[in-house]
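Each residue of the sequence shown is one higher than the one before, counting from 0 in numbering that gives the first Met the number 0.
Just below is one structure, and these are the notes that go with it.
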Amino acid sequence: MATITMFRDINVDDAFSPTFVAVVFGSTAAASTTDPATGAWTARTLPSASNWNSLAYGNKMIVAVSGSTTVAASSPDGVTWTARTLTSFNSLISDIWGKNTNQSTTTSAQIEKVGSELKAQRELLERLINEPIITSSLEDNPEPDLKAKFNEAEKTLSSLYDNTSLIKTKLLTLLSKWDSLNNSARATTITSIRLTLTPTIEKDIQWFTKAWDYPLIQSLTPTLTSYQSNLAVLSQELSRHPTSTPNSLIKTLESIDQMLAYIGNESTTKNKATLFGLLTSLKNRAEKIKTVELATHQFLINWDRISTHEKLSLASKAKSQILDLSEYPDSDSFFSQDPLKPENTIYAGLALLKLNHRLLSQNSGEKASVIWLENGSVVFRISMYNPSPIISQTVPLKFTLPPELSEKDLEQLDSSLSVSYDPLDSKLQVMGSYTLSPLETRVVSIKAKDVWTISDEELNSIRKSSENYLTALAKTPLFSQGVLIKTNIDSLLDQFNNSSSYALSPEQRIKEYRISKLKLLSAKTQLTRLEDLVAQASSNSSLIGTLGGAQLGNTWGIIIVILGGFVLLGLYLYQQEARRNPRKLPLITENDNPRLLPTPVNTIPWSIYGFIILTTGIISTGTTLFFTKRNITNPSTINQIEAATTPL
0 MATITMFRDI NVDDAFSPTF VAVVFGSTAA ASTTDPATGA WTARTLPSAS
50 NWNSLAYGNK MIVAVSGSTT VAASSPDGVT WTARTLTSFN SLISDIWGKN
100 TNQSTTTSAQ IEKVGSELKA QRELLERLIN EPIITSSLED NPEPDLKAKF
150 NEAEKTLSSL YDNTSLIKTK LLTLLSKWDS LNNSARATTI TSIRLTLTPT
200 IEKDIQWFTK AWDYPLIQSL TPTLTSYQSN LAVLSQELSR HPTSTPNSLI
250 KTLESIDQML AYIGNESTTK NKATLFGLLT SLKNRAEKIK TVELATHQFL
300 INWDRISTHE KLSLASKAKS QILDLSEYPD SDSFFSQDPL KPENTIYAGL
350 ALLKLNHRLL SQNSGEKASV IWLENGSVVF RISMYNPSPI ISQTVPLKFT
400 LPPELSEKDL EQLDSSLSVS YDPLDSKLQV MGSYTLSPLE TRVVSIKAKD
450 VWTISDEELN SIRKSSENYL TALAKTPLFS QGVLIKTNID SLLDQFNNSS
500 SYALSPEQRI KEYRISKLKL LSAKTQLTRL EDLVAQASSN SSLIGTLGGA
550 QLGNTWGIII VILGGFVLLG LYLYQQEARR NPRKLPLITE NDNPRLLPTP
600 VNTIPWSIYG FIILTTGIIS TGTTLFFTKR NITNPSTINQ IEAATTPL
């Protein structure tokens, strides 16, 4: 009996020189040849006789091993042999060759151990890669740009198709001209394909694999691997200078044809079994999601104007359309079963549409979750999804409630949820833990009071108070300012009605509430300004009004005082001038004796001037009080006005 092996002499460049070696069982006889079919064998001699059981080649060395002893021999070329001893393997040889090789020596415990280790490693990778998807806050994450993703997909698909088609063309040309090309030209073609075109299609396929996880896209990866493997074998066979067409070239072409069948072309856009058709269907699906979303929003706009029967019918229709579009696992769990609130079916459907849109726009394996609110008081619903198809996962849920809610506002929680207060954010947090089976979806709910409303009573109170304050300013110089402030208040209050009519969902109502709170604060500030004007107008002690609103009585008093001052000043100047320039009076005769009359002196006592000044002040003060009293006919104290404006 002889054992035969073949090895390649790697010292020979660019050539394949197979050498076959045969050893005789229980003898020192051996032989070698490079062509066992037609060539002659050359006798060789082993160092010793043994029950040679195996020949192997590796690391530029042929090794012959005995089946029952530690005897071995080695040769670099099959010609010269050197004796070896397997002294360091203990009982390994006897363990291997002394046993029946048709029976396994591996125990079931060892197999189970290896299997459990592999399972643990796989589960670890699943936990690292496929984390459970939960929603942690009310605020939405920015939506990825689906239009930009589709544009990039079209460019990548065009590149993939062009380069794959070019590879096929080059391979077909190589096949048809095989006999007329030398080995160097053949190798150049394969090298160009391997180094230039193959990395490009590999990159394009990786882009699609990352973008979406549809089965068709995932099928491209093993096809690419098969193509690369066949191309590597073809490149290796070319180094042997084959004379006939190698089988690996045919297999490489078959792999490329399979890849092109998956890719398709522009004429297969209606065939979902091709990448062109899949991309077209995804774009159509995205458009349909938008269309159904707009139609569903239209239901809400007309919601208050339709009957209960019509509401139930529209909600059922919307649910059916949305479920037909949805690719999210267990989509039906999104919808509540409360027939008294069909609008909640609409809200859940809109959330499911939004989630499906995210699944299209995000990369495969990324988190895709959504939170939505429902009426009855307000219900927060949170979706959780385990994307792993292999393992169950226990996931924590931590959701921060809006700051307007206090713990007493929470009406109902799932039994697995607990509430705590975060002092750093000054907000309530809801926490829980859930074990999700592979690909399981679970929805939990939190029911709270609807605290995101501003009562009509509060708005009406502000409006009535502003009207009463403006009435108090009637017939006063401050009335025009009061009209401007009252107009601003009415404008702010009118916006509340407009805002509430466009709040189509609880989420929008919360956002509108926060904006309305700012408007309400502004209206209250304006009301305070109007109240200050009333206080200013009702003051009895003010002699000078504010700029642009001076009281009429004070104005007349100032005018009289100024005129009186000018009169007194004129009299004083006149007296002084008379003293400095006395007039010469005509001569008169008395008993025919002429003489000058004496110069007249100031005949008005200075006390008269003081009397005039005092009288002028009294008159101006009385006039001021008269006009002031005449113009203020409304309640004179703020307490009286507030009593008049307090609602019943």
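Built from N, CA and C at the ideal position, the CB exists for glycine as well.
The beta strand (DSSP E) enclosing residue i, as first and last residue numbers
i: Ala231; result: Where Ala231 is concerned, there is no enclosing beta strand (DSSP E), although the alpha helix (DSSP H) it sits in stretches over Pro214 to Leu237.
i: Thr244; result: That residue, Thr244, is in no beta strand (DSSP E); it is neither H nor E in DSSP.
i: Gln205; result: First-last for Gln205: Thr197 to Ala210, but that is the alpha helix (DSSP H), not the beta strand (DSSP E).
i: Arg441; result: Thr440 to Ala447
i: Thr434; result: Lys426 to Leu435
i: Ser537; result: Note, Ser537: premise wrong, no beta strand (DSSP E); not H, not E.
i: Ser183; result: Ser183 -> not in any beta strand (DSSP E); alpha helix (DSSP H) instead, spanning Asn182 to Ser191.
i: Val70; result: Val70 to Ser74
Three-state class that DSSP yields for residue i in the structure shown
i: Ser335; result: coil
i: Ser65; result: strand
i: Ser52; result: Per the sequence shown, the amino acid found at residue 52 is Asn instead of Ser. The answer is strand: DSSP assigns Asn52 an E or B state.
i: Asn385; result: coil
i: Ala39; result: coil
i: Glu373; result: strand
i: Thr393; result: strand
i: Tyr512; result: helix
i: Lys176; result: coil
i: Thr527; result: helix
i: Glu410; result: strand
i: Leu532; result: helix
i: Tyr327; result: coil
i: Thr18; result: strand
i: Leu45; result: strand
i: Ser157; result: helix
i: Asp421; result: strand
i: Thr33; result: coil
i: Val450; result: coil
i: Thr475; result: coil
i: Leu517; result: helix
i: Val566; result: helix
i: Val482; result: helix
Per-residue burial, residue i [other beta carbons within 10 Å of its own, 16 or more giving buried]
i: Asn162; result: buried
i: Gln651; result: Past the edges of the chain, shown from 0 to 647, lies residue 651, and the structure says nothing about it.
i: Arg185; result: buried
i: Ile484; result: buried
i: Asn355; result: buried
i: Ala522; result: buried
i: Asp493; result: exposed
i: Val20; result: buried
i: Met60; result: exposed
i: Gln480; result: buried
i: Lys482; result: The sequence as given places Val at residue 482; Lys does not occur at that position. The residue in question, Val482, is exposed, as its Cβ has fewer than 16 Cβ neighbours within 10 Å.
i: Lys318; result: buried
i: Met383; result: buried
i: Glu530; result: buried
i: Met430; result: exposed
Range covered by the alpha helix (DSSP H) that runs through residue i
i: Gly25; result: Element bounds for Gly25: n/a, residue is neither H nor E.
i: Ile300; result: Leu274 to Ile300
i: Ser464; result: Asp455 to Ala471
i: Thr268; result: No alpha helix (DSSP H) contains Thr268, which DSSP labels as neither H nor E.
i: Phe359; result: Phe is not the amino acid found at residue 359; the sequence shown has Leu there. Note, Leu359: alpha helix (DSSP H), Glu342 to Ser360.
i: Arg304; result: First-last for Arg304: undefined, no H or E at that position.
i: Arg83; result: Segment Thr81 to Thr84 is the beta strand (DSSP E) holding Arg83; no alpha helix (DSSP H) there.
i: Ser405; result: Neither: Ser405 is in no alpha helix (DSSP H) and is coded neither H nor E.
Presumed contact (8 Å Cβ cut-off) between residue i and residue j, rounded CB distance
i: Gln525; j: Asn487; result: 5 Å
i: Ser254; j: Ser225; result: 5 Å
i: Lys353; j: Val369; result: 5 Å
i: Asn385; j: Ser436; result: 7 Å
i: Lys340; j: Asn374; result: 6 Å
i: Leu351; j: Ser330; result: 6 Å
i: Asp408; j: Val450; result: 6 Å
i: Gly348; j: Ile321; result: 4 Å
i: Thr18; j: Thr44; result: That belief does not hold up - the Cβ atoms of Thr18 and Thr44 are roughly 17 Å apart, past 8 Å.
i: Ile453; j: Phe495; result: 7 Å
i: Lys287; j: Leu324; result: 6 Å
i: Leu170; j: Leu252; result: 5 Å
i: Ala71; j: Val62; result: 6 Å
Short CB-CB distance (under 8 Å) between residue i and chain B
i: Arg83; result: Protein chain content of the structure displayed is limited to a single chain, and chain B is not contained in it.
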